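Heads up, the thing below is written out as structure tokens.
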Amino acid sequence: MRLLSWLLPRLHYRAPFLLILSSILCFSTSTIQAAEEASAPDLATQVWQYFTTEDGDRARTLLASILQRPDLTVQTLQDLLRKGRPHGLQPVGLLPDEQVVVRDQTYRYSLSVPQSYEPIRDYALVVCLHGAGFTGEAYLDRWKTRLGEGYILACPTYPSGAWFTRRAEDLVLATVQAVQQRYRVDPSRIFLTGMSNGGIGAWLIGMHHAPLFAGLAPMASGIDDVLFPFLENLRATPVYIIHGSQDQVMPVELSRKLAGELKNLGYPFVYREHDRTHAMAGGHFFPREELPDLVKWFDTQRQTPAPKALTVVRDASHLLPFGWVRIDATDQIASFSEDLIDKRDDSIRQRSYARLTAQVTGPNRIEVQTDRVRQYTLFLNEDLIDLSKPVVITTNGQPSYEGAVTPQVETLLRQARLRQDLGQLFPVHLTLSVPQQPS
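When the count follows my numbering, it moves up by one through the sequence shown with no breaks and lands on 952 for the last residue.
Right under this line is the structure:
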């Protein structure tokens with residue numbers, strides 16, 4: 514290029530030569546552009562790199578690059594994401610010593626993958642949480658023959674089975690993501706179950722992250738009354754409860770009360786109470802006889818990606834997306850420490866939580882009711898509203914928004930990466946303030 518810069522002023526009077534030179538230059542430029550386009554990664558490659566990278570700086574670089582692509586539209590991106598990420602061949606059978614890193618600490622999880630696994634077919638995922646004195650591997654051993662060829666089984670190990678902590682909650686979520694990255698998991702068929710302490714974890718983690726799961730199956734467990742308000746989060750997530758009437762470790766009354774609460778809420782659940790005993794565990798165990806009905810229940814459950822009505826109850830440490838809603842700012846409310854069953858704080862004992870219910874009540878009309886909420890965000894897609902028409906939103910009976918919405922590629926990408934759930938794709942978000950009542 515420096516040679517050309519020197520030659521051109523000196524050859525301005527040689528028109529034929531300039532024509533030839535110009536043709537050569539144009540040919541060279543087009544050749545370089547073609548080479549650059551050929552070497553550029555395709556859209557799918559960039560999107561899946563952005564979706565899976567754990568490096569925040571790399572994610573920002575990839576996002577900026579993707580947004581510059583001329584071939585990118587909301588529709589093409591949605592079509593790509595709905596196909597699911599590409600999966601290659603992976604080990605099958607019993608994999609007892611897999612690893613996942615949570616907060617710079619390595620944890621083990623045991624995995625069972627059907628021998629007939631094919632990376633082009635969707636599989637349900639069951640995450641099982643062990644009780645005190647067990648490990649994921651030991652629990653996997655009890656479960657691996659109990660599910661059919663359509664299920665992948667993952668059993669993480671957490672010290673003492675203390676699934677009622679924030680770190681354990683993070684481990685469960687990380688386990689789900691780790692399995693999804695390696696194997697083709699149907700996002701509408703992820704289940705969480707657990708026995709004893711693991712059952713407590715199934716309740717707590719399942720309530721806080723209900724939109725992730727197609728169903729919960731807590732066994733021989735329970736939760737404290739101060740946590741009952743979080744049961745409202747299970748509006749679209751059915752529960753299958755199993756408990757022994759002769760359980761001397763976790764009294765059966767714990768599950769009876771929970772079943773009663775779910776009944777009062779009008780939520781879907783199954784309650785199975787057995788009178789069997791085990792030579793070693795007494796009434797505190799999961800009888801094999803209960804398994805066939807539970808597996809049949811798993812077989813029939815599918816997560817609804819965008820239910821028309823959602824209720825979310827939050828403490829201040831869980832202000833995360835919940836399906837198509839998110840509580841962003843609140844009045845002063847309870848906040849859990851590392852202990853998800855923390856009962857020492859007065860605000861927890863008084864059940865000072867934030868609550869929001871959002872419901873599609875008509876064509877492009879959404880009504881929101883809140884308590885202790887100052888700001889919230891709605892994430893919208895074509896399953897909820899007609900994105901080509903104006904939407905009307907009311908909050909506590911007052912108008913909050915009326916107008917058009919614009920699907921954005923960036924919103925769709927950011928939310929897909931944040932949620933790691935291809936069943937929930939949202940190209941629109943609206944953040945609204947809650948009208949404050951005069952004091």
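We put the CB at the ideal spot given by N, CA and C, even for glycine. All values derive from a computational prediction rather than experimental measurement.
Where F540 falls: helix, strand or coil (DSSP): Only weak support is given to the placement of F540: the predicted model assigns it a pLDDT of 42, under 50, and the value that follows is read from those uncertain coordinates. Here F540 sits in helix by DSSP.
Assigned secondary structure, Y866 (DSSP; H/G/I helix, E/B strand, else coil): coil
Inter-residue CB distance, P751 and Q814 (contact presumed, cutoff 8 Å): 6 Å
Delimiting residues of the alpha helix (DSSP H) encompassing S913: It is not in any alpha helix (DSSP H) - S913 instead sits in the beta strand (DSSP E) that spans Q911 to G916.
Within-7 Å CB hit, R697 to chain B: Of the chains in the structure shown, none is chain B; there is only one protein chain.
Beta-carbon separation (whole angstroms), R679 vs L931, contact threshold 8 Å: Actually they are not in contact, since the Cβ atoms of R679 and L931 sit about 18 Å apart, beyond 8 Å.
C-alpha distance - G707 paired with M732, whole-angstrom precision: 6 Å
Per-residue DSSP class, three states only, for S625: strand
Integer Cβ distance of T824 from N746, believed to fall under 8 Å: 7 Å
Range of the contiguous beta strand (DSSP E) that encloses F564: Segment L556 to T565 is the alpha helix (DSSP H) holding F564; no beta strand (DSSP E) there.
Spatial distance of L771 from G728 (CA atoms): 16 Å
Within the stretch 669-743, ranges of the beta strand (DSSP E) (whole runs, at least 3 residues): 698-708 and 728-732
Spatially closest choice to P627 from Q618, V614 and L608, by CA coordinates: For P627, the closest of Q618, V614 and L608 by C-alpha to C-alpha distance is L608.
Integer Cβ distance of V904 from V918, believed to fall under 8 Å: 6 Å
Extent of the continuous beta strand (DSSP E) to which E786 belongs: In the DSSP assignment, E786 falls within the beta strand (DSSP E) that extends over F782 to H787.
Nearest candidate by alpha-carbon position, reference R789, set F798, D699, E766 and Q911: Closest option to R789, Cα to Cα, is F798.
Per DSSP, cross-strand counterpart(s) of F835: Note: F835 sits in a beta bridge opposite V838.
Distance, A651 Cα to T907 Cα: Within the model, the alpha-carbon separation for T907 versus A651 is close to 51 Å.
Span of the beta strand (DSSP E), counted from its first residue to its last, around R609: The residue you asked about is not Arg; residue 609 is Pro in the sequence shown. Looking at the DSSP string, the run of the beta strand (DSSP E) that includes P609 is G606 to V615.
Start and end residues, alpha helix (DSSP H) containing R927: Segment V922 to R932, the alpha helix (DSSP H) holding R927.
Per DSSP, the bridge partner or partners of E880: Residue pairing of E880 in beta bridges, as defined by DSSP: Q872 and T907.
Delimiting residues of the alpha helix (DSSP H) encompassing G779: Neither: G779 is in no alpha helix (DSSP H) and is coded neither H nor E.
Through-space distance from R571 to L926, alpha-carbon basis: 14 Å
Proximity to V762 [Cα-Cα], best of R748, L602 and I713: I713
C-beta atoms of F564 and V639 nearer than 7 Å: no
Own chain partners of V605 with C-beta closer than 7 Å, once the 5 adjacent residues on each side are dropped: V626, P627, Q628 and Y630
Coarse secondary structure for R801, derived from DSSP in three states: helix
Own chain, CB closer than 6 Å to Q872, minus 5 neighbours either side, in chain order: A822 and E880
Where T813 sits in the DSSP three-state scheme: helix
Three-state secondary structure (DSSP) of G796: coil
Contact check, V826 vs V886, beta carbons under 7 Å: no
Where L638 sits in the DSSP three-state scheme: strand
Exposure label - L935; buried when at least 16 CB within 10 Å: buried
Span separating the alpha-carbon of P583 from that of G735: 53 Å
Close Cβ partners of R769 (< 7 Å) along its chain, the five nearest in sequence each way excluded: none
S684 and Y620 closer than 7 Å at C-beta: Strictly speaking, residue 684 in this sequence is Leu, with Ser absent from that position. Yes, the pair counts as a contact, with Cβ atoms nearer than the cut-off.
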